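Visitor:
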Amino acid sequence: MAETVTAIERELLRSLPSIDEVLNREVAKRIATAAGHRRAVEIARTACDVVRDRIAASDPSLSSEVLVEVEIVVKELWGRELRSGIIGVVNATGVVIHTNLGRAPLSETAKRAIVERASHYCTLEYNLETGDRGKRGFRAERLVCELTGAEDAVIVNNGAAAAFLVLRVFAAGKEVVISRGELVEIGGDFRVPDVLTESGADLLEVGTTNRTKLKDYEMAISERTGLILRVHPSNYRITGFTERPQVADLAALAHRNSIPLFEDAGSGALVDLAEFGLSEEPLIADSIAAGADIVSFSGDKLLGGVQAGFIVGRKDLIESIRKHPLYRAFRVDKLAYAAIEATLESFVRGTHLTEIPVLQMLSMSQEMLNKRAESLKERIFSKAGDSIMMEIIEGESVIGGGSAPDVKPKTWLLCIVKAGMKPDAIEKSLRDFEIPVIARILDGRVVIDLRTVFEDEEETLIDAIASLAN
Ligand SMILES: *Cc1c(COP(=O)(O)O)cnc(C)c1O
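Here it is in structure tokens:
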């Protein structure tokens with residue numbers, strides 16, 4: 003018996019194709035065209051190794067068509083390589099600012115701006131009126147000033163860079179007074195105490211975790227104080243017996259002592275989002291009006307644009323940041339400026355709720371979500387029949403991006419069940435679809451939340467779910 007198996011194996015091993023034979027097949031030729039000859043050779047060689055190992059291990063699923071088996075592996079390896087890069091996915095999780103899925107999807111105008119305004123030669127640092135060097139970011143900065151009422155603004159790579167830079171410029175070698183309730187960690191790798199230490203500032207914590215009074219700050223201020231720091235505890239809520247001073251009171255205290263008040267607003271909001279339950283996100287314009295000297299916030303959270311960190315505030319302070327050598331290391335590129343300008347233009351026009359996907363999603367009514375879920379269910383049924391069981395249940399979406407953890411917009415979820423298929427397997431199968439569909443598992447069932455699915459993605463979603471029937 004053992005000898006027969008060995009004989010078959012020997013036969014299969016003999017029919018293993020040469021690398022050249024594999025390279026002559028259509029699949030490998032396509033890889034060579036896309037990725038170059040050397041990559042195609044590497045993949046062909048790996049595929050032959052994989053099949054050789056499977057023969058040696060007497061893999062029962064292996065057919066006698068060895069070349070075909072190698073081709074299948076070649077295709078798999080190449081597919082896996084492509085999918086290890088950045089590719090578009092359908093976000094069916096209902097998490098609006100999904101950090102792992104690139105946070106905010108861009109508005110149509112922002113996408114167009116990247117391609118049309120900035121992807122060729124452009125006026126990044128060129129003044130068309132004078133024909134001389136112009137100021138990088140000039141218009142984006144003017145727009146954000148208009149929207150926040152700040153005197154000046156500067157834009158860097160992300161919110162973390164913004165906070166770090168402000169601390170570095172104004173508090174290196176000095177003390178930063180901060181409430182114990184605001185020494186938070188955001189998203190696992192932004193920890194306020196660590197950022198402070200790295201910036202060269204000394205942390206001076208005041209008050210308690212739940213209650214910090216103006217007097218606590220007042221008693222901590224000395225000639226060593228560089229600034230007062232206020233951090234929005236984005237992803238964390240202290241409720242119950244709590245207290246923290248108003249921005250206006252902190253600002254007055256800072257100014258009596260001739261030091262600046264810096265607020266890291268985290269996500270921040272350019273417009274009032276209270277009607278969507280987001281009443282606790284600091285309105286940047288309010289902070290500026292209340293006297294904060296510098297406010298920083300992210301570009302790709304509730305603002306709904308690209309990764310960026312905005313620093314707005316007093317002209318003289320912003321100017322010192324712009325002149326600091328580290329600004330050069332943290333500045334953003336032309337693609338980001340183009341997208342930022344277009345995103346801010348939507349707010350200035352007042353069309354943000356219909357144009358900016360994050361805000362569109364937040365403002366989507368539960369009634370609309372129910373209608374879309376019903377329609378999706380019918381369309382899947384007409385494609386896949388009753389081999390896929392579906393039910394629409396009430397549920398909650400998530401804001402995400404380390405913002406507003408206690409705000410959970412009501413939604414309708416489409417539950418997907420298939421006899422003989424575990425939820426994990428369904429979730430993976432959707433993820434393995436040509437255009438990956440990212441779903442959520444809730445109480446042992448795969449659920450689809452249409453809040454974060456664009457209408458023009460619904461066909462893909464239907465195809466992906468219907469393919470489970472096969
Ligand atoms: C999100 C956040 C940051 C970091 O901003 P990124 O744009 O993610 O770098 C910093 N501070 C607060 C309070 C935040 O919420």
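Each residue of the sequence shown is one higher than the one before, starting from 3 at the first, in the working numbering.
Glycine included, every Cβ here is placed at the ideal spot set by N, Cα and C.
Model, not experiment: these values are computed from the prediction.
1) Is the beta carbon of Leu103 less than 7 Å from the beta carbon of Asn93?
2) Going straight from the alpha carbon of Ala471 to that of Ser399, what length do you get?
3) Report the residue from Phe312, Lys31, Val53, Val52 whose alpha carbon sits nearest the alpha carbon of Val43.
4) Find the nearest neighbour of Ser17 within the set Gly38, Leu69, Met366, His39, judged by alpha-carbon distance.
5) Would you identify the three-state DSSP class for Leu263, choosing helix, strand or coil?
6) Suppose contacts are defined by Cβ-Cβ distances below 7 Å. Is Val24 in contact with Ala46 by that definition?
7) Is the CB-CB distance between Thr413 and Asp465 below 7 Å?
8) Got a sec? Which residues, its chain only, sit under 7 Å from His100 by beta carbon, not counting five neighbours each side?
9) Among residues of its own chain, excluding the 5 on either side of Met3, which ones have a beta-carbon nearer than 8 Å to its beta-carbon?
10) Is there at least one non-hydrogen atom of ligand 1 closer than 6 Å to the beta-carbon of Ala338?
11) Once you ignore the five residues that flank Gly242 on each side, which residues in its own chain have a CB closer than 8 Å to its CB?
12) Quick check on Tyr329: does DSSP put it in helix, strand or coil?
13) Might you give, ordered along the chain, the residues of its own chain that have their beta carbon closer than 8 Å to the beta carbon of Ala250, omitting 5 neighbours on each side?
14) Compute the beta-carbon to beta-carbon distance between Lys430 and Ser389, rounded to the nearest angstrom, for a pair I have assumed lies under 8 Å.
15) Distance check for Thr132 and Arg316, CA to CA, integer angstroms please.
16) Who are the Cβ neighbours of Tyr238 in its own chain at under 6 Å, not counting the five residues just before and after it?
17) Are Asp295 and Leu263 close, meaning C-beta to C-beta below 7 Å?
18) According to DSSP, simplified to helix, strand and coil, what is Gly202?
19) Note down the Cα distance separating Lys137 from Ser269, rounded to an integer number of angstroms.
20) Name, in chain order, the residues that DSSP records as bridge partners for Asn93.
21) Val449 and Phe312: beta carbons closer than 7 Å?
22) For Asn159, which of helix, strand or coil comes out of DSSP?
23) Between Glu177, Ser181, Ile188, which has its C-alpha nearest Ala162's C-alpha?
24) Indicate, with yes or no, if ligand 1 has a heavy atom lying under 6 Å from the CB of Val146.
25) Taking DSSP as the reference, what is the three-state secondary structure of Asp302?
26) Could you spell out where the beta strand (DSSP E) holding Glu393 opens and where it closes?
27) Quick check: the Cα distance between Ala386 and Ala37, rounded to an integer number of angstroms?
28) For Arg374, I'd like the list of residues in its chain whose CB is within less than 6 Å of its CB, leaving aside the five on either flank, ordered along the chain.
29) Determine the extent of the alpha helix (DSSP H) in which Gly81 is found, giving its start and end residues.
30) Using only CA atoms, which one of Glu457, Glu73, Ser60, Glu11 lies nearest to Thr48?
31) Should Ala331 be counted as a contact of ligand 1 given a C-beta to heavy atom distance under 6 Å?
32) Looking only at C-alpha atoms, which of Phe299, Glu460, Phe383 sits nearest to Ala271?
33) Could you have a look at Val297 and say whether DSSP puts it in helix, strand or coil?
Guide: Here's the rundown:
1) On the sequence shown, residue 103 is found 101 positions in, with the first residue counted as 1. On the sequence shown, residue 93 is found 91 positions in, with the first residue counted as 1. It is a contact, given that the beta carbons lie within the stated cut-off.
2) The residue given as residue 471 occupies position 469 in the sequence shown. The residue given as residue 399 occupies position 397 in the sequence shown. So the two alpha carbons sit approximately 27 Å from each other.
3) Counting from one through the sequence shown, the residue named residue 43 turns up at place 41. The shortest C-alpha separation from Val43 is found at Lys31.
4) Translated into the one-based positions of the sequence shown, residue 17 becomes position 15. Nearest of Gly38, Leu69, Met366, His39 to Ser17, Cα basis: Leu69.
5) Position 261 of the sequence shown, counted from the first residue, corresponds to residue 263. In this structure, Leu263 counts as strand in the three-state DSSP scheme.
6) Here residue 24 refers to the residue found at position 22 of the sequence shown. Here residue 46 refers to the residue found at position 44 of the sequence shown. Cβ atoms of Val24 and Ala46: closer than 7 Å.
7) Stepping through the sequence shown from its first residue, residue 413 is reached at position 411. Stepping through the sequence shown from its first residue, residue 465 is reached at position 463. No, they are not a contact pair.
8) As a working mapping, residue 100 is identified with position 98 in the sequence shown. Counting only Cβ-Cβ distances below 7 Å, and skipping sequence neighbours, we find Asn93, Gly402.
9) Within the sequence shown, the letter at position 1 stands for residue 3. In this predicted model, Met3 has a pLDDT of only 46, less than 50, meaning its place in the structure is not dependable; the value taken from the coordinates is given anyway. Once the five neighbours on either side are set aside, Met3 has no close Cβ partner at all.
10) For the purposes of this step, residue 338 is taken as residue 336 along the sequence shown, with counting starting at 1. False, no ligand heavy atom lies under 6 Å from that Cβ.
11) Indexing the sequence shown from 1 puts residue 242 at position 240. Cβ within range, chain order: Asn212.
12) Within the sequence shown, residue 329 is the residue found at index 327, counting from 1. Reduced to three states, the DSSP call for Tyr329 is helix.
13) What you label residue 250 is simply residue 248 of the sequence shown in a count that begins at 1. Within the same chain, Ala250 has close Cβ partners Ala292, Gly293.
14) By one-based count along the sequence shown, residue 430 stands at place 428. By one-based count along the sequence shown, residue 389 stands at place 387. Wrong, their Cβ atoms sit about 18 Å apart, outside the cutoff.
15) Position 314 of the sequence shown, counted from the first residue, corresponds to residue 316. Position 130 of the sequence shown, counted from the first residue, corresponds to residue 132. Approximately 28 Å between the Cα atoms of the pair.
16) By 1-based counting over the sequence shown, the position of residue 238 is 236. Same-chain partners within the cutoff: Val186.
17) Residue mapping note: residue 295 aligns to position 293 of the sequence shown, counting from 1. Residue mapping note: residue 263 aligns to position 261 of the sequence shown, counting from 1. Yes, they are a contact pair.
18) As a first step, residue 202 is located in the sequence shown; it is residue number 200 there, counting from the start. Gly202 falls in the coil class under three-state DSSP.
19) In the sequence shown, counting from the first residue as 1, residue 137 sits at position 135. In the sequence shown, counting from the first residue as 1, residue 269 sits at position 267. Distance between the alpha carbons of Lys137 and Ser269 is about 27 Å.
20) On the sequence shown, position 91 is the one that residue 93 refers to. Asn93 pairs with Ile440.
21) For the purposes of this step, residue 449 is identified with residue 447 of the sequence shown, where counting begins at 1. For the purposes of this step, residue 312 is identified with residue 310 of the sequence shown, where counting begins at 1. Cβ atoms of Val449 and Phe312: not closer than 7 Å.
22) Residue numbering aside, residue 159 sits at position 157 when the sequence shown is read from its first letter. Here Asn159 sits in coil by DSSP.
23) Your numbering for residue 162 matches position 160 in the sequence shown. Residue Ile188 is the option with its Cα nearest to Ala162.
24) Counted from its first residue, the sequence shown places residue 146 at position 144. No, the Cβ of Val146 stays beyond 6 Å of every heavy atom of ligand 1.
25) As a first step, residue 302 must be located in the sequence shown, where it is residue number 300. The answer is coil: DSSP assigns Asp302 none of H, G, I, E or B.
26) Working through the sequence shown from its first residue, we reach residue 393 at position 391. Here the beta strand (DSSP E) through Glu393 covers 391-398.
27) Position 384 of the sequence shown, counted from the start, is the residue given in the question as residue 386. Position 35 of the sequence shown, counted from the start, is the residue given in the question as residue 37. If I take the Cα positions, the gap works out to 37 Å.
28) Taking the sequence shown and counting its residues from 1, one reaches residue 374 at position 372. Excluding sequence neighbours, Arg374 sits near Leu452.
29) Working through the sequence shown from its first residue, we reach residue 81 at position 79. 68-85 is the extent of the alpha helix (DSSP H) around Gly81.
30) Sequence index remark: in the sequence shown, residue 48 carries index 46 (1-based). Of the candidates Glu457, Glu73, Ser60, Glu11, the one whose C-alpha sits nearest the C-alpha of Thr48 is Glu73.
31) Counted from its first residue, the sequence shown places residue 331 at position 329. Not under cutoff, so the answer is no.
32) Here residue 271 corresponds to residue number 269 of the sequence shown, with the count starting at 1. For the residues Phe299, Glu460, Phe383, the minimum Cα distance to Ala271 belongs to Phe299.
33) In the sequence shown, the residue the question calls residue 297 occupies position 295. In this structure, Val297 counts as strand in the three-state DSSP scheme.
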